[in-house]
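Numbering-wise, the sequence shown is residues 76 to 378 according to our numbering. Ideal placement from N, C-alpha and C gives every residue a C-beta, glycine not left out. A short write-up of the structure that comes next.
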Amino acid sequence: MLRSSLLYFSEKQSLKHLLTGHSWGQRLAGRFIAGNTLEDAVRVVRTLNAEGFDVTLDCLGESVCAEAETEEACRIYLGILDRVAAEGLRSHVSIKPTQLGLAIDEKLTERHLSALCERAAKVGSFIRIDMESSAYTESTLRVFRQVGAPRERLGVVIQSYLRRSEKDVEELLKFGARIRLVKGAYQEPGHLAFPRKADVDHNFARLTEMLLASGIDHAIATHDDRLIATTKEIARARGVGADRFEFQMLYGIRRQLQRDLLRQGYRVRVYVPYGNQWYAYFMRRLAERPANLFFLLSNLFRD
Ligand code: FDA
């Protein structure tokens, strides 16, 4: 109930203005966001790299309706790729397809993504297309295929809560796609997504089996102890070495677990978002764990 309300409000402008317009909103979001600027994010990447983590950088933004804003987003991401290369940082980039115009025109998104892949090839980097709500699943996968970049340059995300995902994974593996597996963070109807957490988790384990059996370097993105243990078991049983897949987790969530996995010899990539368009991302993080809301509010009023 609270989860649905938080996801509902993640798309509402009124609360967005209230939260983002005040410094206390910024402070609340600070737990999950690296800062407002690329400088802030680069500082975080340097620290994480020094600790042994790889990173993927996300300049926050989504649901863009103006073409000019998509051009600007593309320009910003080209700048991130250049900056990461110039500083020798170990970081990929992650991008929301609607930030590159998927809500306006698929061809526009394809054009931007192609430009980004070209730059990624030049600087030896990698772009991950995040997966948004089910309204965009089909078009995101279509754009991914149309761009047709090699798997060292471009990858996509699959959500285990969607009933269609097993079929999508089968199709994607046929042409060697590199996949990040997540549970899924949006509000979806029962005919498209499993309503029960147990089914989402069961499907996550099933899809992990398929990914680890493929011989391709995929990412298992979860903070769930049980699914992390399952992943390790599957890898062990199939003889898949810790260098042949990676765990991914979000900045600010379960840091000790992130460090423990590194210590155990696994590769861990931290998803680091930055920028002032943090509202929807922040609300999804609260929805994943509504207890965060009370924790954050109590900290806020303690000062
Ligand atoms: P689950 O929600 O069951 O959480 C397991 C445990 O982790 C919790 O018990 C808690 O301890 C901790 N935890 C999880 N979320 C927390 C939070 N917000 N605050 C504090 N603790 C928390 N989704 C999507 O739809 N499209 C995408 O492209 C991506 N991309 C993505 C990248 C990466 C690197 C990650 C880790 C996740 C995503 N997601 C995503 C989000 C994903 O779909 C999912 O909503 C979250 O990862 C939470 O699910 P868990 O797998 O962590 O399990």
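For residue i, list the residues DSSP reports as bridge partners.
{"i": "MET391", "result": "With the chain covering only 76 through 378, there is no way to say anything about residue 391."}
{"i": "ASP133", "result": "PRO348"}
{"i": "HIS167", "result": "THR131"}
{"i": "GLY96", "result": "Answer is none; GLY96 lacks a bridge partner."}
{"i": "ARG203", "result": "SER169, GLY230"}
Is the beta carbon of residue i within less than 7 Å of some heavy atom of ligand 1?
{"i": "TYR346", "result": "yes"}
{"i": "GLU363", "result": "yes"}
{"i": "TYR261", "result": "yes"}
{"i": "VAL257", "result": "yes"}
{"i": "ALA296", "result": "yes"}
{"i": "MET285", "result": "no"}
{"i": "LEU247", "result": "no"}
{"i": "LEU325", "result": "yes"}
{"i": "VAL315", "result": "no"}
{"i": "ARG360", "result": "yes"}
{"i": "ARG271", "result": "no"}
{"i": "ASP205", "result": "yes"}
{"i": "ILE309", "result": "no"}
{"i": "ARG238", "result": "no"}
{"i": "ILE202", "result": "no"}
{"i": "ARG165", "result": "no"}
{"i": "VAL232", "result": "yes"}
{"i": "ARG329", "result": "yes"}
{"i": "ASN351", "result": "no"}
{"i": "ASP299", "result": "yes"}
{"i": "ASN367", "result": "yes"}
Which first and last residues belong to the alpha helix (DSSP H) in which residue i is found?
{"i": "ALA296", "result": "Where ALA296 is concerned, there is no enclosing alpha helix (DSSP H), although the beta strand (DSSP E) it sits in stretches over 293–296."}
{"i": "ARG239", "result": "Segment: none, ARG239 is in no alpha helix (DSSP H) and carries neither H nor E."}
{"i": "ILE303", "result": "300–313"}
{"i": "ARG271", "result": "ARG271 -> no alpha helix (DSSP H), and no H or E assigned at all."}
{"i": "ILE65", "result": "Nothing about residue 65 can be reported from this structure: the residues present for the chain run from 76 to 378 only."}
{"i": "ALA148", "result": "142–162"}
{"i": "ARG330", "result": "330–338"}
{"i": "PHE84", "result": "77–84"}
Would you tell me roughly how many angstroms separate the C-alpha atoms of residue i and residue j, rounded to the nearest one?
{"i": "GLY110", "j": "ASN351", "result": "8 Å"}
{"i": "VAL275", "j": "GLY154", "result": "37 Å"}
{"i": "LEU332", "j": "GLY176", "result": "35 Å"}
{"i": "ARG253", "j": "VAL119", "result": "26 Å"}
{"i": "LEU237", "j": "ASP205", "result": "15 Å"}
{"i": "VAL139", "j": "ARG344", "result": "27 Å"}
{"i": "ALA296", "j": "GLN323", "result": "4 Å"}
{"i": "GLY127", "j": "ALA317", "result": "15 Å"}
{"i": "CYS192", "j": "GLY290", "result": "23 Å"}
{"i": "THR95", "j": "LEU337", "result": "34 Å"}
{"i": "GLY327", "j": "VAL347", "result": "9 Å"}
{"i": "GLU114", "j": "HIS293", "result": "29 Å"}
{"i": "LEU267", "j": "PRO172", "result": "20 Å"}
{"i": "ARG355", "j": "LYS249", "result": "Residue identity differs from the one stated: residue 355 is Ala in this sequence, not Arg. ALA355 and LYS249: Cα-Cα distance of roughly 34 Å."}
{"i": "LYS87", "j": "ARG311", "result": "45 Å"}
{"i": "SER373", "j": "GLY105", "result": "15 Å"}
{"i": "HIS92", "j": "LEU103", "result": "14 Å"}
{"i": "ASP378", "j": "GLY100", "result": "Its pLDDT being 48, under 50, ASP378 is placed unreliably in this model, and the value from its coordinates should be taken loosely. Whole-angstrom Cα-Cα distance: 14 Å."}
{"i": "LEU247", "j": "VAL198", "result": "26 Å"}
{"i": "LEU368", "j": "ARG78", "result": "11 Å"}
{"i": "ARG203", "j": "ILE170", "result": "6 Å"}
{"i": "PHE357", "j": "GLY314", "result": "38 Å"}
{"i": "LEU216", "j": "PRO225", "result": "15 Å"}
{"i": "LEU132", "j": "LEU361", "result": "20 Å"}
{"i": "GLU185", "j": "ASP299", "result": "34 Å"}
{"i": "SER208", "j": "ALA161", "result": "34 Å"}
{"i": "LEU287", "j": "ILE309", "result": "8 Å"}
{"i": "TRP353", "j": "LEU164", "result": "23 Å"}
{"i": "THR305", "j": "ALA280", "result": "7 Å"}
{"i": "LEU81", "j": "GLY223", "result": "36 Å"}
Since residue i is in the beta strand (DSSP E), which residue starts that stretch and which ends it?
{"i": "THR112", "result": "That residue, THR112, is in no beta strand (DSSP E); it is neither H nor E in DSSP."}
{"i": "ILE254", "result": "254–257"}
{"i": "ARG364", "result": "ARG364 -> no beta strand (DSSP E), and no H or E assigned at all."}
{"i": "ARG226", "result": "No beta strand (DSSP E) holds ARG226; DSSP gives it neither H nor E."}
Check whether the Cβ of residue i lies closer than 8 Å to any Cβ atom in chain B.
{"i": "ILE309", "result": "As a matter of chain content, chain B is missing from the structure shown, which is built from one protein chain."}
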